[in-house]
Amino acid sequence: MGIHLRQVALVARELAPVIDDLCATFSLKRGHVDPEVGKYGLENTLIAVGARFLEVVAPIQPGTAGGRYLDRRGGDGGYMVICQVPTLEEQAAVRARAAEAGVRVAHEIDRRTWNIMQLHPADMGAAFLEVDWDEKADVAGNWMPAGGESWREDVATEVISDITGVELQSEDPAALAAKWAAVCGLPVEREGGMPVMRLADALVRFAEATDGRGPGLSAVRLQAVDAGRARAQAEARGVLTPAGDIMIGGVRFDLRD
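Per UniProt numbering, the very first residue in the sequence shown carries number 1; after that it's consecutive.
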């Protein structure tokens, strides 16, 4: 039970370069492409990381929500924190808490066997929070945004094995943490002097925005199998910063052994 992290979405001006950098740096495989996103003026590709997913979306026409987000943040960056709950009751509870906190539902689809609920990034304060449910209720297995079960064929874990958290930044991290915790029905804790929120299987950290880009999804935490190889491959791709950070698609990727 509880809210489980299943997918982290990035938005980019161009899809291919970001997907190429992610796959080459972390020795991952291209995965599912969802034709349904075309009706929102986007294209996408998913990459399996263990039983979770990195997604990159890119606008293919003007006037999209993704394009406006790119303009607001001044380029590529984090876009969505996408979660799964095992029951409809848990999804309904998130919806109710969001309404209580003054957070609008930006987009919702009820397909009877799979429900999507996206909460508005302007109200959440840094990124979309999406909370989905499907009837199989397997938080490490079936995942409809990745095509159901077929994603298992695309898993590669030589360099990284899991996504273990995200970082959201804001001028007021404490207020941002309070908003996300209220919607998720979870307490705010402290780790290393920073406010954090613990999902059922992942950590959400709230940091001060110091890069001039304003609120947003600033980092993804990864479980490393071979951190040295990841950094070497990042350097070869030109995505390793002088400070030793891996930056791809406007997002920092933190490796944890």
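By construction, the Cβ of each residue, glycine as well, lies at the ideal position given by its N, Cα and C atoms. Fair warning: this is a prediction, and the values are worked out from it, not measured in the lab.
Assuming residue i contacts residue j under a Cβ cut-off of 8 Å, what Cβ separation, rounded to an integer in Å, is found between them?
i: V57; j: V37; result: 6 Å
i: V33; j: C83; result: Between C83 and V33 the Cβ distance is about 22 Å, and since that is not below 8 Å, they are no contact.
Taking 7 Å as the cut-off, does the CB of residue i come closer than this to any heavy atom belonging to the ligand MG?
i: G185; result: The ligand MG is not part of the structure shown, which contains no ligands of any sort.
Just reading off the alpha helix (DSSP H) that residue i is part of, what are its end residues?
i: Y40; result: Taken as a continuous stretch (DSSP letters only), Y40 belongs to no alpha helix (DSSP H), as it is neither H nor E.
i: R213; result: No alpha helix (DSSP H) contains R213, which DSSP labels as neither H nor E.
i: E89; result: L88 to E100
i: M124; result: P121 to M124
i: L176; result: P173 to C184
i: A106; result: Unbroken run through A106 is the beta strand (DSSP E), V105 to D110; no alpha helix (DSSP H).
Give the straight-line distance between the Cα atoms of residue i and residue j, rounded to the nearest whole angstrom.
i: R190; j: V196; result: 6 Å
i: F128; j: G141; result: 23 Å
i: D21; j: M144; result: 25 Å
i: A51; j: D162; result: 7 Å
i: E167; j: A227; result: 19 Å
i: A200; j: G212; result: 32 Å
i: H107; j: Q118; result: 5 Å
i: N44; j: E55; result: 7 Å
i: I3; j: Q91; result: 9 Å
i: T87; j: R152; result: 23 Å
i: A77; j: A12; result: Residue identity check: residue 77 is Gly in the sequence provided, not Ala. Roughly 7 Å separates the two Cα atoms.
i: Q7; j: G63; result: 25 Å
i: I160; j: L222; result: 7 Å
Output the boundary residues of the beta strand (DSSP E) element that contains residue i.
i: V11; result: H4 to V11
i: D132; result: F128 to D134
i: residue 262; result: Given a span of 1 to 257 for the chain in the structure shown, any question on residue 262 remains unanswerable.
i: R205; result: L203 to E208
i: E167; result: I160 to S170
i: R229; result: Run containing R229: none in the beta strand (DSSP E); it sits in the alpha helix (DSSP H), A227 to R237.
i: D254; result: V251 to R256
- Task: Could you say if the region 21-31 and the region 60-71 meet the contact criterion of at least three C-beta pairs nearer than 8 Å?
- Result: no
- Query: What runs of the beta strand (DSSP E), each 3 residues or longer, lie entirely inside the region 16-75?
  - Reply: 42-49 and 52-59
- Query: Is the region 166-177 in contact with the region 133-150, if contact means three or more CB pairs nearer than 8 Å?
  - Reply: no
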